[in-house]
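K.L.:
Protein chains: 2
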Amino acid sequence: MFRYGGYAGKVLRVDLGRGETRDEPLEEDTVRSFLGGEGLGIHFLFQELRANVNPLAPENKLFFLTCPLNLPSIPSALKHAVVTKSPLTGIFLKSMASGTFALKLKAAGYDGVIVEGVSEKPVYLWMNNGKAEIRKAGHLWGMTTHDTQRYIREEVGDATVASIGQAGENLVRYACILFDRRAAGRGGPGAVMGSKRLKAIAVKGDQEVHIANPERLKELTKEVYRIISAHPTFGDSMPRYGTAYAVGATNEAGALPTRNFQTGVFDGAEGISGELMREKYTVKISPCPRCTMACNRVTLAKEWPYVGSVTEGPEYETLALLGGDCGIDRMDAIIAADRLCDEYGLDTISAGNVIAFAMECYERGIITKEDTDGLELRFGNDQAMIEMLRRISFRQGLGNVLAEGVRLASKAIAEETGRFAIHVKGMELPGYDPRAMPDKAIAYAIASRGGCHLTEIPLGLRKKGWSMEEVVEGLKLGQEWRVILDTVGLCRGPIESLDVIADLVSSVTGMGMSPQDLRMMAERTVNLERAFNVREGISRRDDTLPERFFTEPIQSGPTRGQVINRGEFNQALDRYYELRGWDKETGAPTEAKLRELGLSIISMRG
Amino acid sequence: MFRYGGYAGKVLRVDLGRGETRDEPLEEDTVRSFLGGEGLGIHFLFQELRANVNPLAPENKLFFLTCPLNLPSIPSALKHAVVTKSPLTGIFLKSMASGTFALKLKAAGYDGVIVEGVSEKPVYLWMNNGKAEIRKAGHLWGMTTHDTQRYIREEVGDATVASIGQAGENLVRYACILFDRRAAGRGGPGAVMGSKRLKAIAVKGDQEVHIANPERLKELTKEVYRIISAHPTFGDSMPRYGTAYAVGATNEAGALPTRNFQTGVFDGAEGISGELMREKYTVKISPCPRCTMACNRVTLAKEWPYVGSVTEGPEYETLALLGGDCGIDRMDAIIAADRLCDEYGLDTISAGNVIAFAMECYERGIITKEDTDGLELRFGNDQAMIEMLRRISFRQGLGNVLAEGVRLASKAIAEETGRFAIHVKGMELPGYDPRAMPDKAIAYAIASRGGCHLTEIPLGLRKKGWSMEEVVEGLKLGQEWRVILDTVGLCRGPIESLDVIADLVSSVTGMGMSPQDLRMMAERTVNLERAFNVREGISRRDDTLPERFFTEPIQSGPTRGQVINRGEFNQALDRYYELRGWDKETGAPTEAKLRELGLSIISMRG
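Protein chains in written order, with my numbering: chain A, 7 to 612; chain B, 7 to 612.
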């Protein structure tokens, strides 16, 4: 077994069909090539899944993977990955979460958990300091995430609990997993858990994780704190407003999704702003251990009928999609909605998009009160939005259609609605209008998991008035930077220097990892993700955007009239494939590129 | 300081006005005379409150008092008392709760907590192993009980937390206090906490409590288990169905409150029965530590729109009052309502009565849709019932009137409604129609805190076809028995033998307490409670029942036509006062009786 710092050196494999668990060593080669988190995830996913598996069938697998920097002493380094084939997109999915789950998993002696098969009856997994047990969960099936966590803790004592809510049980295709109160939100990993009848994973342990060079790590940790505190966004705006700081700026930039991305300026933006949230609604800042960016805050609704609702959030994306995109300017309603999404285990980004889509259908008369069981599903109707969240989670009435995600819902409702079904590859879009931000346009189109808010150009590389060439180059770099973060376990933040990240990884693991090594690893990961997607049928024609963005200019505000030029968009794609070494016709990685990255053998599998 | 087993020997006095806490020794004489819980509570209340204090003013006090048998080794002995002047009745209030609060309080080095004054800003009390601290709670003000408990635990670690919800903050006169998930439900102690801006008390400790004769206690504990397990109700029905076992029997006896006590048979009783609850809704039995009666169960609603609601309960009284008395036969709705009552901190018995009263007003056209803001507040409308619980907790619209309790609400709505405002001395009645159960009729009329479900004849003493004479005698005994339970800390159960109780108390404390001593203590307590109430203006004319029970016969079922005969009722009262040594004209304790009980001095105070 290898002896790198930061690793327990093994993963737990859980076969729910047989009701068995076993320890498996992590291979040294694998770790050197893919490190952890997202990287390790696509490695396993590609290796272990044959092509065209139904994401909700027993053959799909769930990979919970820690990252080498997930250590209690490093700030903003608690991200871990859930990787699976997404029931929302049918392609590669990584879904990142924070909190203490990764710490506990390592303290229990594991770098990850691989879940396969389907249990006949509901179960939960209890991992206690090197031991693992599959326990009955019939009594928990049907409960919210919060209640589940509480009752599991009653049974096992203090533990970190990852659980699904009723949305996951009911196979809502964008059901999330809640790790205590932090979500692995996107792409429906909760539905995969639900399909396996795995209600929760509870973890506890007290094993120490070896660190290769603790002295150097201490110095670096100080450096990381220094970098964070000196940064205007991550050392000031973020601790002050959480991610909600972005509402005002995005709205001013004319990029805030409004009424199902019909426009980029929301006249009710002040009602959902970070400033208002801070002044009137925030009752507590509740950071992950040791984090000074402290994005997480606790908010409390004040006004009838939402008064008394408490949530952790809402994050920027939630405010954008359940707020402006649904035409809703009531912070109280969004707090209540965010709480419901957490309790039922729903991704707020997809839920917001899906409801905004249904609202547009309703306003256009494509669906009527008959379809909504009497609900006035208009933009701005906050009570209808909240009621729909409940109906989606329990697949009631129209909720059963919307639970399928906007791509399938649009097909079920009417073909003509496809042009305003806002998704890429089935994944609903996050809170930035791509017509207003050309980098986002390309990022959404090429991101491995579909319409993704994590594929972006680092703040430090962004420029005003950049050329498409610069955007694409920045994006290729940004994509790799983000894979690195999601593989080593760092939050998005001011650590944009690969030198610092490589130094962190080296001092923890003792691997002697250079910035170039990290980029190579990231490129390998991006290519393997693409190879996986190609194997599932993805090609260049899927690397596109909803029709609305090519044909309907933004209706108002500073970006009024902006629309994506299809020719420029295609040129950018050409350039992106070129930079990546991918075939321009098919968008598939070339043999040469795969060989260069040491992926030539696995690319042939499936 | 005295050295009795089972006591820490001191209480914590908390002056919220000054923001100070101090330890005070318990006096040996006081302990010998009043023991703990209810007994100690009325001692303090009588001594420390002058007459005619507004229950929601700073001058009122809250007494949290443990009992000598509150020990981890004794089953069913976790009851502790909250004593105060009730904002619902304006007289003496004890409100009992279970759970681990008493254990933790003793382990923290205290037998009780006395709270006085009003804090300028919201606070919570943190008691940690002998230390006490008043902490800011502005961030918790506005939260549910469950959220409050969770966020306090985030701050202080694992602790038992007693907290109020929004109903307590909003001074709803029947707001309860939740000790973790167990309520001190009746009479509005949560409103008193709210009036003092005390959001919660968190307690933790690891001090051991001395036991005088642990060997004897061990033997007795075995005996207690044996008695419980051999008992048909407490060893079988209760562990099987919880307190909900009583729904079927009470309905068959024609005593189940139905549609605001209009009749005693509910045709929907099967929908709220213990059997149905067990078969379809119970997911977990969740007893207090070491208890084999295990009345507490966790239930999960299954049907839309209540699906996914989880609660601890519902108890019999909740099923009776929020169920039958509101004409509601949907277990799912009652589970959801019970959860809401716990979250907002509302007493389910009073809430059920108040809503049933409003439903009768609505059906009689005394209030209209205009008064209810459009709500069809009819018997059987479960969604309206649930909406009213929310409006009451936040004092919205008609909820603001109903938040005052049925006595004041009736006065506010229309004088004529007084005859069906179901309360005694302002306390709404529990789940037994007194027309069908003559023992209850007298019990409700004479109970120290008003319409009370804890004043009763022990099961073992009940007879079929008893004379009024026998009922009154049984009730005097039962009243003392129950005071003994609520003073030593035992749950209502099969331990009806004063010999066993005296033996338990003696082996724990080393006091050498005889059954006669216990009865004397109980009589002293009952008399002091009465003296307190007399000082607050209570007299014989208050020892009565709602007019309905004297003039409107039960409408249907096996008790059809039954009504309380006013002459017989008055005779019974005469006899009761006679047995008690109270004045028949005024209902006040005589000087002679007070002297006999060693209460002659304090009875003059006020």
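By construction, the Cβ of each residue, glycine as well, lies at the ideal position given by its N, Cα and C atoms. These figures come from a predicted structure and were not determined experimentally.
Using a Cβ-Cβ cutoff of less than 6 Å, which residues in the same chain neighbour I341 of chain A once the five nearest sequence positions on both sides are dropped?
P.N.:
For this step, residue 341 of chain A is matched to residue 335 along the first sequence. Counting only Cβ-Cβ distances below 6 Å, and skipping sequence neighbours, we find T305, A307, S315 and T317.
K.L.:
Could you name the residues of the same chain whose beta carbon sits closer than 6 Å to that of R192 of chain B, not counting the 5 residues immediately before and after it, in chain order?
P.N.:
The residue you call residue 192 of chain B lines up with position 186 of the second sequence. For R192 of chain B, same chain residues with a beta-carbon under 6 Å away, outside a window of 5 residues either side, are S101 and D353 in chain order.
K.L.:
Ignoring anything shorter than 4 residues or poking outside the segment 195 to 261 of chain B, list the alpha helix (DSSP H) runs there in chain order.
P.N.:
195 to 201, 220 to 236, 244 to 247 and 252 to 258
K.L.:
Taking G118 of chain A as the reference, give the member of A:E175, A:V20, A:G144 and A:E584 with the closest Cα.
P.N.:
As a position in the first sequence, residue 118 of chain A is number 112, starting the count at 1. Closest option to G118 of chain A, Cα to Cα, is A:V20.
K.L.:
Show which residues of chain B have a CB atom less than 9 Å away from the CB atom of Y157 of chain A.
P.N.:
The sequence position of residue 157 of chain A within the first sequence is 151, counting from 1. Result: V289, K290, S292, V304 and V316.
K.L.:
When DSSP labels each residue in this structure, what does N266 of chain A get in the three-state scheme?
P.N.:
Reading the first sequence from its first residue, position 260 is the one you call residue 266 of chain A. N266 of chain A: coil per DSSP, three-state reduction.
K.L.:
Considering only C-alpha positions, which residue in the set B:L62, B:D509 and B:F555 is nearest to P444 of chain B?
P.N.:
Taking the second sequence and counting its residues from 1, the one referred to as residue 444 of chain B is at position 438. Of the candidates B:L62, B:D509 and B:F555, the one whose C-alpha sits nearest the C-alpha of P444 of chain B is B:F555.
K.L.:
Less than 8 Å between CB atoms is the rule here; does F400 of chain A satisfy it with respect to chain B?
P.N.:
Taking the first residue of the first sequence as position 1, residue 400 of chain A is located at position 394. Yes, its Cβ sits closer than 8 Å to a Cβ of chain B.
K.L.:
Taking DSSP as the reference, what is the three-state secondary structure of N359 of chain A?
P.N.:
By 1-based counting over the first sequence, the position of residue 359 of chain A is 353. DSSP places N359 of chain A in helix when its eight states are reduced to three.
K.L.:
Hey, would you say P245 of chain B sits closer than 8 Å to A300 of chain B, going by beta carbons?
P.N.:
Mapped onto the second sequence, residue 245 of chain B falls at position 239. Mapped onto the second sequence, residue 300 of chain B falls at position 294. Contact flag set, yes.
K.L.:
Between M149 of chain B and chain A, is the shortest Cβ-Cβ distance under 8 Å, so that the two count as touching?
P.N.:
Here residue 149 of chain B is taken as the residue at index 143 of the second sequence, counted from 1. Judged by the 8 Å Cβ criterion, M149 of chain B is in contact with chain A.
K.L.:
Within 8 Å (strictly less), CB to CB, does D388 of chain B reach chain A?
P.N.:
Within the second sequence, the letter at position 382 stands for residue 388 of chain B. The Cβ of D388 of chain B sits no closer than 8 Å to any Cβ of chain A.
K.L.:
Which residues, in order along the segment 489 to 511 of chain A, keep a beta-carbon less than 9 Å from a beta-carbon of chain B?
P.N.:
none
K.L.:
Where do the N-terminal and C-terminal ends of the alpha helix (DSSP H) with T592 of chain B fall, by residue?
P.N.:
Along the second sequence, read from residue 1 onward, the residue named residue 592 of chain B stands at position 586. Taken as a continuous stretch (DSSP letters only), T592 of chain B belongs to no alpha helix (DSSP H), as it is neither H nor E.
K.L.:
Compare the C-beta of Q172 of chain A with all C-beta atoms of chain B and state if any pair is closer than 8 Å.
P.N.:
Start at 1 with the first residue of the first sequence, and residue 172 of chain A comes out as number 166. Taking Cβ atoms only, chain B reaches closer than 8 Å to Q172 of chain A, which makes this a yes.
K.L.:
List, in chain order, every chain A residue whose beta-carbon is nearer than 8 Å to that of W310 of chain B.
P.N.:
For the purposes of this step, residue 310 of chain B is identified with residue 304 of the second sequence, where counting begins at 1. Chain A residues near W310 of chain B: F400 and Q402.
K.L.:
Taking the alpha-carbon of I357 of chain A as reference, which of A:G15, A:C73 and A:E393 has the nearest alpha-carbon?
P.N.:
Counting from 1 along the first sequence, the entry for residue 357 of chain A is found at position 351. Reading off the sequence shown, one finds Ala at residue 357 of chain A, where the question assumed Ile. Selected option, being the one with the closest Cα: A:E393.
K.L.:
What separation, rounded to the nearest whole angstrom, lies between the Cα atoms of G45 of chain A and K228 of chain A?
P.N.:
Start at 1 with the first residue of the first sequence, and residue 45 of chain A comes out as number 39. Start at 1 with the first residue of the first sequence, and residue 228 of chain A comes out as number 222. Cα to Cα, G45 of chain A sits roughly 27 Å from K228 of chain A.
K.L.:
Below 7 Å CB to CB, which residues in the same chain sit around H216 of chain B once its five sequence neighbours on both sides are set aside?
P.N.:
Working through the second sequence from its first residue, we reach residue 216 of chain B at position 210. Take H216 of chain B, set aside five residues on each side of it, and the residues of its chain with a beta-carbon closer than 7 Å to its own are G11, in chain order.
K.L.:
In whole angstroms, what is the alpha-carbon distance linking G248 of chain B and A181 of chain B?
P.N.:
The residue you call residue 248 of chain B lines up with position 242 of the second sequence. The residue you call residue 181 of chain B lines up with position 175 of the second sequence. The alpha-carbon atoms of G248 of chain B and A181 of chain B are separated by roughly 24 Å.
K.L.:
If we define contact as Cβ-Cβ less than 8 Å, is V313 of chain B a contact residue for chain A?
P.N.:
Translated into positions along the second sequence, residue 313 of chain B becomes position 307. Output row for V313 of chain B: interface = yes.
K.L.:
Tell me the rounded alpha-carbon separation between Y13 of chain A and L109 of chain B.
P.N.:
The count along the first sequence starts at 1 and reaches residue 13 of chain A at position 7. The count along the second sequence starts at 1 and reaches residue 109 of chain B at position 103. Computed Cα separation, rounded: 42 Å.
K.L.:
Is the CB-CB distance between A364 of chain B and L325 of chain B below 8 Å?
P.N.:
Here the question's residue 364 of chain B lines up with position 358 in the second sequence. Here the question's residue 325 of chain B lines up with position 319 in the second sequence. No; because the gap between Cβ atoms is not below 8 Å, this pair is not in contact.
K.L.:
Please report the distance separating the alpha-carbon of L467 of chain B from that of V511 of chain B.
P.N.:
Start at 1 with the first residue of the second sequence, and residue 467 of chain B comes out as number 461. Start at 1 with the first residue of the second sequence, and residue 511 of chain B comes out as number 505. Distance between the alpha carbons of L467 of chain B and V511 of chain B is about 23 Å.
K.L.:
Can you pull the DSSP bridge partners for L29 of chain A?
P.N.:
Numbered from 1 along the first sequence, position 23 holds the residue referred to as residue 29 of chain A. The sequence given here places Asp at residue 29 of chain A; Leu does not occur at that position. Per DSSP, A:L18.
K.L.:
Determine whether the beta carbon atoms of K16 of chain B and L41 of chain B lie at a separation below 8 Å.
P.N.:
Here residue 16 of chain B refers to the residue found at position 10 when the second sequence is read from its first residue. Here residue 41 of chain B refers to the residue found at position 35 when the second sequence is read from its first residue. Not closer than 8 Å, so no.
K.L.:
Look up G118 of chain B in the DSSP assignment and say whether it is helix, strand or coil.
P.N.:
The residue labelled residue 118 of chain B in the question sits at position 112 within the second sequence. In this structure, G118 of chain B counts as strand in the three-state DSSP scheme.
K.L.:
For the segment 98 to 147 of chain A, which segments carrying the alpha helix (DSSP H) assignment without a break, of at least 4 residues, lie completely within its bounds, in sequence order?
P.N.:
Listed in chain order, the complete alpha helix (DSSP H) runs (minimum 4 residues) inside the segment 98 to 147 of chain A are 107 to 113.
K.L.:
Once DSSP output is grouped into helix, strand and coil, what is the label at H86 of chain A?
P.N.:
Start at 1 with the first residue of the first sequence, and residue 86 of chain A comes out as number 80. Three-state DSSP puts H86 of chain A in a strand.
K.L.:
Where DSSP assigns a beta bridge to I183 of chain A, which residues make up the other side?
P.N.:
Taking the first residue of the first sequence as 1, we reach residue 183 of chain A at position 177. For I183 of chain A, which the question treats as bridged, DSSP gives the partners A:A190.
K.L.:
How big is the Cα-Cα spacing for P570 of chain B and P559 of chain B?
P.N.:
Numbered from 1 along the second sequence, position 564 holds the residue referred to as residue 570 of chain B. Numbered from 1 along the second sequence, position 553 holds the residue referred to as residue 559 of chain B. The residue asked about is misnamed: residue 570 of chain B is Ile in this sequence, not Pro. Computed Cα separation, rounded: 8 Å.
K.L.:
Evaluate P220 of chain B with the Cβ neighbour count: other Cβ atoms within 10 Å of its Cβ, from every protein chain shown; 16 or more gives buried, anything less gives exposed.
P.N.:
Start at 1 with the first residue of the second sequence, and residue 220 of chain B comes out as number 214. Result: exposed.
K.L.:
By DSSP, does R9 of chain B sit in helix, in strand, or in coil?
P.N.:
The residue given as residue 9 of chain B occupies position 3 in the second sequence. R9 of chain B falls in the coil class under three-state DSSP.
K.L.:
Answer yes if the segment 373 to 387 of chain A comes into contact with the segment 428 to 440 of chain A, meaning at least three C-beta pairs across the two stretches below 8 Å, and no otherwise.
P.N.:
no
K.L.:
Determine the extent of the alpha helix (DSSP H) in which E479 of chain A is found, giving its start and end residues.
P.N.:
For the purposes of this step, residue 479 of chain A is taken as residue 473 along the first sequence, with counting starting at 1. Its alpha helix (DSSP H) spans residues M474 to V494.
K.L.:
At a Cβ threshold of 8 Å, is D164 of chain A touching chain B?
P.N.:
Taking the first residue of the first sequence as 1, we reach residue 164 of chain A at position 158. Yes, because at least one Cβ of chain B sits closer than 8 Å to the Cβ of D164 of chain A.
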